[in-house]
Every structure is written in C-alpha cells, then in structure tokens.
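Worksheet: one structure, shown below.
Protein chains: 2
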Amino acid sequence: MIDFKIIQKSEETNARTGILKLCHGDVKTPVFMPVGTCGTVKALSPDDLINCNTQIILGNTYHLYLRPGCDVINHFSGLHKFMNWNRPVLTDSGGFQLFSLAGLSKITSQGIEFKSHIDGSKHMLTPEKSIEIQICLGSDIIMCLDECVKYPADLHTAEKAVELTANWAERCKNVWKNQTSANNALFGIVQGSMYKNLRKKSVESLADIGFNGYAVGGVSVGEPKDIMLEIAEHTLLLLPESKPKYVMGVGTPEDLVELVAMGADMFDCVMPTRNARNGQLFTEYGTINIRNARFKDDTMPIEAECTCYTCQNFSRAYLRHLLIAKELLAYRLNTIHNVHFFNTLMEKMRHAINSNSFNKFKKDFYSTR
Amino acid sequence: MIDFKIIQKSEETNARTGILKLCHGDVKTPVFMPVGTCGTVKALSPDDLINCNTQIILGNTYHLYLRPGCDVINHFSGLHKFMNWNRPVLTDSGGFQLFSLAGLSKITSQGIEFKSHIDGSKHMLTPEKSIEIQICLGSDIIMCLDECVKYPADLHTAEKAVELTANWAERCKNVWKNQTSANNALFGIVQGSMYKNLRKKSVESLADIGFNGYAVGGVSVGEPKDIMLEIAEHTLLLLPESKPKYVMGVGTPEDLVELVAMGADMFDCVMPTRNARNGQLFTEYGTINIRNARFKDDTMPIEAECTCYTCQNFSRAYLRHLLIAKELLAYRLNTIHNVHFFNTLMEKMRHAINSNSFNKFKKDFYSTR
C-alpha cells in the first residue's frame, strides 16, 4: 500500500518535499514523471531512464490496452517485467487519450465508447474496466477514469463533467477496494474546468470518497497560462494536505517551479521527450533548437555543467548533424538530456525546499532565462 | 603506420588469425566491421558498439563529405572525436556510393562527377580528393578510389574498370605517401568482375604499386552466391599472404564462415544493422523475424545463451511489441543483438583457428541451421 510522508514544508511558499512509498520503491517528491506511452519512454531504455535519475514513469492505459493488450502483459505479470523497469509506474485511466486520439468517442453515464486509432475496432471503457486494466498492468498508482473537458467549456458542460467524474470515481474506488492484492494506490482526479466553485465541489466529492492521492485534471487543455496557474493554485490549496497532489500534463520548467511553490508534488508531461525528438533542448538559459546553423561546428556540449550522458560525451555539432541526418541516435541522445534536465530541476527544487531557500532558488532560476 | 602480424594459420583451411596494429588500437582478425554511414552505426552509441565487442567500424566517405562536411569534421580533428569513437575506423573511398546513391554519375579518367542525393549540388570525386577527404576524416585505414562494375559486366567494361582502378590506385598512393602525418594505412581494391584473368591482372598491378592491405571489391554486386564465393576465393589466393585481405560488402554469417576459410581477414556489411531495423534477427539457428505472431507472448530472449544487452534484459514479446509500435527503442535493441551476433561469430572463428579446429567449428555452425 501507498504511504506519503511530508519531509519538509517550505517556510516561504506552499512548496513541500515528501516521500511516496510505493510497491516498487520510494519516490522523492516533488517529482516529474517521464511519459512512457507504449511501454517505453520513447527512445530510452530502462537503463537510460535510471542514468537520468528517473524515479517513476507514467504509462498510458489506452495505448497498452490496445497494444500489446492485457493478454500479453499478463504473461509478464504486469508492465514492469514486460518492459524491464523495476521502479514505480503510474498509469493514467485511458480517458484523456480517448478524447485526443481515438475516433468517435461517445460518453454515457456507463462509460466511453471509442474506436481504436490503430485498427478502428470498437471498444467501451468503463470506470470498472479502466481499473481492471490498470491492475493488470501492475501499476503502482492507478488513476480514476474522469471526464476531462476542453477549454473553453460552458458552466453546464463543466458541471456535468464534475458530476460524472465523481460518480465514476466512486465506481473506480469500489472496484479497486475489492481487488485481492491491493498493493497499489488509487488517485482521484479533480475536474471543474476554470470554474473555482466547481473545482471546490469536485475536490469535496472526491475527498468524501477518499483516495490515496489527488490529481488536478482538466488543466493545460488550451487555456491561457495565467488561468492554468490560477486554477491549479486554487485547486491545490483545496486538496487534503496530507496526500500527494499531482498536476496532470504539465509542463514547462517555469510551470513546474510555479506549481511546486503552490504545493504540487507530482507532474507528467511529454514535453521533455517530444521536444527532444524535434531538437528542442532545455538548458539553464532557456531552450535551444539544436538544428540551428550556429551549432554547425560547435564543439561544446549542450550545457557545459550538465552531467548527463549526452553532455559528457557529445558536442552540439554532432547532435545537430545526427538530427539533420535523421539518425536514430539523435532522438536518444536528445531525450537523455531533456529527461535528465527535468529530473535535475526537480532535484534542485527538493534541495531548495529542504534547505528553506526556495525563494532564492526561484530567483536564481529566473535570473538565467 | 599499420602493421599486420599473422598469429595462427589453420592447418585444415586457408583461414588465419592476425593482429592489425592501427593508429587507434589493435584489431584481432578475422574481423567484421559494422557500417557507420553518417558518423554513427545506425541506432547505436559508441558505448553500445563497445559493449557489442566492436573492434573497428566503417565510415562512408561519400556521406560524410556531403554532411557534415570536412569543414565541420576539421573542428574535431577527425571523425573519431566528432562521433566520440576511440577505436579504429576504416573509410571507403566514396566511389561505391556514387554508383548506388548519387544522381547522374559520370566517370572520366579524371574522376567521378556526381550530384548530391541530399541537395542535387554538383561535385567531382577524384582519386586525390578521395584520399584527402579520408585523411581529413582521420581514418585508420584509407581505401583507394576504384571503379566497381555491376554484374553482369562484359569483358571490355570489366577490363576498362581494372585499368582505371590501377591508374587511380597509383594516384591515390602518390597523394597518400606525401601526407605529412602518415599514421594511417592505404588499401588497394581488386576489381575484374567475374573474370579470373582480370582479377589476376588487377592483383598484380596493385601489388606492383604496393599497399598495406588489399580488398576484394566488385563482389556481392548482384552475382549468384556460388560465383561470388568462387571469384572471392580465386582473388584471395592471389593476394600477398603477409597483408590483410578484406572482402567488401559481405555478408551473411554463412558467407563469413566460407570466406574466412578462404583466408579473408576483414568484412563489412549493412546486413546486421539494416536487417535489425526490419526485425530480422540472427541466431545460431538461423534468422527469425521478430514481428512474427508466434512471438506475441514469448517471454524468452532472442537467444537464451546470448550475452548481449538485449538478450540479457528483454523478451521476444517486448521486442515484437516495440517494433510493431514503431518505437525507437526497437531499432537500438535489435541492432545491438545483431552486431553482437556478428562480432561473436568472428570471435568464435578466431578461437577455432587458434585452436586448429576450424573444420569442427564449421561443421557445428552448419549443424544448427
């Protein structure tokens, strides 16, 4: 079972450090979770992830359910052995992907009807089924199926989604609590679009049911940055202090710094991995695009002080060459740097919180960009 | 400078083991050289290559000349530092790629006119320029520019190519011997299509000029397998015994075993790397295609006894899943296995030669396929 211990609360902000005790090991928070959609964080091996100091990855239930499918995963007793990853995994519910990827999703109170983006086959994802799949995947942290509305959403749509999300959360909890080997955690997801009263209502209904942790869903869905941060802060402050708080699908290094200051403990985002494959690399001085002609004969690494495998071994000119030549090694080396950058940023924030110097950290962080 | 020492001659066949002493280290022969076309063996890092026991790689002069170009490579004092590979490199002359890749190649006694396959720009590759580029690349073994004719070639065409190849070889030697820091080796390339008397003539003209090693070119260019082996054997027997003998662009594991028995010391081929990316994996029991549905839930590694990183960590089912999902990790893991397989095959052959049991090795090799 999950346990969450708060180690240190920042005296200057709402930031805190903690330890999430999960079936596959401890996770120091605040933590960033690289996204491993199809049973691999794109371009990286499990060793690469460990060498980048990755503590926990996110797996996508929708993708893994369709391919390779639970029948295959069952032969390995879960995703961990299938992909040879021994550290914790959080899986999403599959719902979010249905809205963005699958064809003709239809939502009823029962669940979500959808067509596979791979072969067009018809499926139905219910709250019960989502939990069953995630249990089959052997996830350390299971997410409730929710209804995530796009931005902007009218009040009625947002209200309906909050109600359906609460109803589904209860059904998820019922399936989850009846599992025989309950060594995983179940998190609820707060919705409510950009309506603060709906966010409050959503938090309350989830807290009534009771979960091991709570996620802020329905942010970073198209709204302006200032609204995202305002709604996230509002929601984070409403959530139970003793439980881990997870902001889903976020974000830039700046977002992470702001949200940690607001008390967020967990994050996931495709940004470090996807942008790496496009040549956008994160540095202390902001992002660079390694395709840029100014790197043509640049013998320096991406960042002189960086301790990642890529920066320890390769130059900007070489990385530029690989990406322009569409060489497969480019994607791996760029991804290693970006994932290492995000993990290191979180580590620096944990250190700053533990030494009660988060505001100084934040000032230094912005001073170089 | 290069030195080649023969360690052991097989008593049963013409196979031999040796040590090639090159600027960037010693190479045990017979050796297979993975192909690193654009400054990377596709999908692998230098560490991966070392972990696969790779002793020497091949770089493609044509590709590297066009991209990133010598101006960039010069900033790194050669290909080794550019790609962070500290072991030996052999570069081809660029000629072969011109025939297969570049547009509108025109051959004159001066050299080869061609258009870049990247941007259509016009270039001229002369014997002198090929050597200069390879010196800029910092290659340990430089290959002479030759004219490689396709199969079938009429006697006149083949004869002309042998003459031009001899003429160009002399021009290459002249440029090469005048370089200031001559710590590399120069190899001549035998042509002559499938005409044994032309092969003899080509060997004699090259031996008169004198090279550090000799390559059998113009094989594996579309001819039937038995003719390839017959011509290669004929040519290998004509070559100076004291110099390394390199069969270019070959081949399957079976080809390597046959050619080693004929006295070949060096090989290169895209087969292990290219086929890996298509899912064809080499095993002691022949090749398998990992996409095959029979591997869907197969928890075993590619080969139970294999010590490569891939077999030590991942199952056939996972590799199948990755490839079908077009995940980048698939290409790396498959390539690691195939390169390791080829390097291990060569190691086994060296061991068999050194222990005077090559015929037994060969019998065992064929018994499992």
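Residue numbers (the working numbering), protein chains in the order written: chain F, 1 to 369; chain H, 1001 to 1369.
C-beta atoms are modelled at their ideal positions from N, C-alpha and C, and glycine is treated no differently.
Computed from a prediction, not measured in an experiment: that's the story for all the values here.
### Query
Does DSSP put H/E1258 in a helix, a strand or coil?
On the second sequence, position 258 is the one that residue 1258 of chain H refers to. Residue state, collapsed to three classes: helix.
### Query
How long is the line joining the alpha carbons of F/G372 and F/A330, rounded to whole angstroms?
The question about residue 372 of chain F has no answer, for chain F in this structure spans 1 to 369.
#### Entry: Which listed residue (H/Y1195, H/L1090 and H/D1048) has its alpha carbon closest to that of H/K1160
Numbered from its first residue, the second sequence carries residue 1160 of chain H at position 160. Residue H/Y1195 is the option with its Cα nearest to H/K1160.
### Message
Here's a check: name, in chain order, each residue in its chain whose Cβ is nearer than 6 Å to the Cβ of H/K1164, leaving out the five neighbours to either side.
### Response
Reading the second sequence from its first residue, position 164 is the one you call residue 1164 of chain H. The question names Lys, but residue 1164 of chain H in the sequence shown is Leu. In chain order, E1147 place their CB closer than 6 Å to the CB of H/L1164, counting only its own chain and leaving out the 5 sequence neighbours on each side.
### Query
Counting only beta-carbon atoms, is F/S315 nearer than 9 Å to chain H?
Working through the first sequence from its first residue, we reach residue 315 of chain F at position 315. By this cut-off, F/S315 is an interface position.
### Task
Name, please, each residue of chain H whose Cβ falls closer than 7 Å to the Cβ of F/C38.
Numbered from its first residue, the first sequence carries residue 38 of chain F at position 38. By Cβ distance, chain H contributes A1325 and E1327.
### Query
Mind pulling the alpha helix (DSSP H) runs of 4 or more residues that sit fully within the segment 233 to 306 of chain F?
Complete alpha helix (DSSP H) runs here, min 4: 253 to 261 and 271 to 277.
#### Entry: Three-state secondary structure assigned by DSSP to H/F1076
Sequence index remark: in the second sequence, residue 1076 of chain H carries index 76 (1-based). Coil at H/F1076, not helix or strand.
### Cutoff 9 Å: F/N84 Cβ touching any chain H Cβ
Position 84 of the first sequence, counted from the first residue, corresponds to residue 84 of chain F. Output row for F/N84: interface = yes.
### Message
In the DSSP assignment, the alpha helix (DSSP H) including F/G95 goes from what residue to what residue?
### Response
As a position in the first sequence, residue 95 of chain F is number 95, starting the count at 1. Here the alpha helix (DSSP H) through F/G95 covers G95 to S100.
### Query
Relative to the alpha-carbon of F/T283, which residue among F/A207, F/E254, F/N184 and F/E241 has its alpha-carbon at the smallest distance?
For the purposes of this step, residue 283 of chain F is taken as the residue at position 283 of the first sequence. It is F/E254.
### Query
Looking at the unbroken beta strand (DSSP E) that takes in F/D3, where does it start and where does it end?
By 1-based counting over the first sequence, the position of residue 3 of chain F is 3. Element bounds for F/D3: D3 to K9.
### Task
Under 8 Å by Cβ, that's how I've got F/Y65 and F/G94 pegged, so tell me the actual separation to the nearest angstrom.
Within the first sequence, numbered from 1, the residue matching residue 65 of chain F stands at position 65. Within the first sequence, numbered from 1, the residue matching residue 94 of chain F stands at position 94. About 6 Å separates the two Cβ atoms, so the contact holds.
#### Entry: 9 Å Cβ cutoff, F/A43 in contact with chain H
Position 43 of the first sequence, counted from the start, is the residue given in the question as residue 43 of chain F. With 9 Å as the cut-off, F/A43 counts as an interface residue toward chain H.
### Task
For H/Y1366, write down the residues that DSSP places opposite it in a beta bridge.
For the purposes of this step, residue 1366 of chain H is identified with residue 366 of the second sequence, where counting begins at 1. Answer by DSSP bridge pairing: none, since H/Y1366 is not bridged.
### Message
Does the contact criterion of 3 or more C-beta pairs under 8 Å hold for the segment 1226 to 1244 of chain H versus the segment 1301 to 1312 of chain H?
### Response
Taking a cut-off of 8 Å on C-beta distances, the segment 1226 to 1244 of chain H does not touch the segment 1301 to 1312 of chain H, as fewer than three cross pairs fall below it.
### Message
Is the separation between the beta-carbon of H/N1197 and that of H/I1141 shorter than 9 Å?
### Response
Against the second sequence, residue 1197 of chain H aligns to sequence position 197. Against the second sequence, residue 1141 of chain H aligns to sequence position 141. No, the pair does not count as a contact, with Cβ atoms beyond the cut-off.
### Against chain F: residues of the segment 1213 to 1235 of chain H by CB proximity under 7 Å
Within the segment 1213 to 1235 of chain H, no residue qualifies.
### Three-way DSSP call (helix, strand, coil) for H/H1024 in this model
Reading the second sequence from its first residue, position 24 is the one you call residue 1024 of chain H. Reduced to three states, the DSSP call for H/H1024 is coil.
### Task
Take H/L1101 as the anchor and find which of H/E1204, H/T1180, H/Y1062 and H/M1083 has the nearest alpha-carbon.
The count along the second sequence starts at 1 and reaches residue 1101 of chain H at position 101. Considering only alpha carbons, the answer is H/Y1062.
### Message
Would H/E1011 and F/K42 be called neighbours here (beta carbons separated by less than 9 Å)?
### Response
Indexing the second sequence from 1 puts residue 1011 of chain H at position 11. Indexing the first sequence from 1 puts residue 42 of chain F at position 42. Contact flag unset, no.
### Query
According to DSSP, is H/K1122 helix, strand or coil?
Start at 1 with the first residue of the second sequence, and residue 1122 of chain H comes out as number 122. Looking at H/K1122 - three-state DSSP - the assignment turns out to be strand.
### Secondary structure of H/Y1214, DSSP reduced to three states
Walking along the second sequence from the start, residue 1214 of chain H turns up at place 214. H/Y1214: strand per DSSP, three-state reduction.
### Query
Taking 9 Å as the CB-CB cut-off, is F/V72 touching chain H?
Counted from its first residue, the first sequence places residue 72 of chain F at position 72. Closer than 9 Å to some Cβ of chain H, the Cβ of F/V72 qualifies, so yes.
### Query
Span of the beta strand (DSSP E) holding H/V1035?
Position 35 of the second sequence holds residue 1035 of chain H. Where H/V1035 is concerned, the enclosing beta strand (DSSP E) stretches over V1031 to G1036.
### Task
Answer yes if the segment 107 to 123 of chain F comes into contact with the segment 1346 to 1356 of chain H, meaning at least three C-beta pairs across the two stretches below 8 Å, and no otherwise.
No, the segment 1346 to 1356 of chain H is not in contact with the segment 107 to 123 of chain F.
### Task
Over the uninterrupted beta strand (DSSP E) stretch that includes H/T1091, give me the two end residues.
Position 91 of the second sequence, counted from the start, is the residue given in the question as residue 1091 of chain H. Residues V1089 to T1091.
### Query
Does DSSP put H/I1209 in a helix, a strand or coil?
Residue 1209 of chain H sits at position 209 when you count from the first residue of the second sequence. If DSSP states are grouped into helix, strand and coil, H/I1209 belongs with the helices.
#### Entry: chain H residues whose Cβ lies nearer than 7 Å to that of F/T165
Taking the first residue of the first sequence as position 1, residue 165 of chain F is located at position 165. By Cβ distance, chain H contributes nothing, its closest Cβ being about 30 Å from F/T165, past 7 Å.
### Query
Which term fits H/G1025, buried or exposed, when burial requires 16 or more other beta carbons within 10 angstroms of its beta carbon?
Numbered from its first residue, the second sequence carries residue 1025 of chain H at position 25. Result: exposed.
### Closest Cα partner of F/K9 within the set F/I19, F/H75 and F/I2
For the purposes of this step, residue 9 of chain F is taken as the residue at position 9 of the first sequence. When each option's Cα is compared against that of F/K9, the closest is F/I19.
### Task
Compile a chain-ordered list of the residues in the segment 1264 to 1291 of chain H whose CB is closer than 7 Å to at least one CB of chain F.
none
### Query
Hey, is F/F361's beta-carbon within less than 9 Å of any beta-carbon in chain H?
Position 361 of the first sequence, counted from the start, is the residue given in the question as residue 361 of chain F. So no, F/F361 is outside the interface.
#### Entry: When F/Y285, F/I133, F/G188 and F/V162 are compared against F/F341, the one with the closest alpha-carbon
In the first sequence, residue 341 of chain F corresponds to position 341, counting from 1. It is F/Y285 whose Cα lies nearest to the Cα of F/F341.
### Task
Tell me the start and end of each unbroken beta strand (DSSP E) in the segment 104 to 180 of chain F that is at least 3 residues and wholly inside, in chain order.
112 to 115, 122 to 125 and 141 to 143
### Message
Tell me whether the segment 21 to 39 of chain F and the segment 77 to 97 of chain F touch, counting them as touching only if at least three CB pairs, one residue from each stretch, are closer than 8 Å.
### Response
Yes, the segment 21 to 39 of chain F is in contact with the segment 77 to 97 of chain F.
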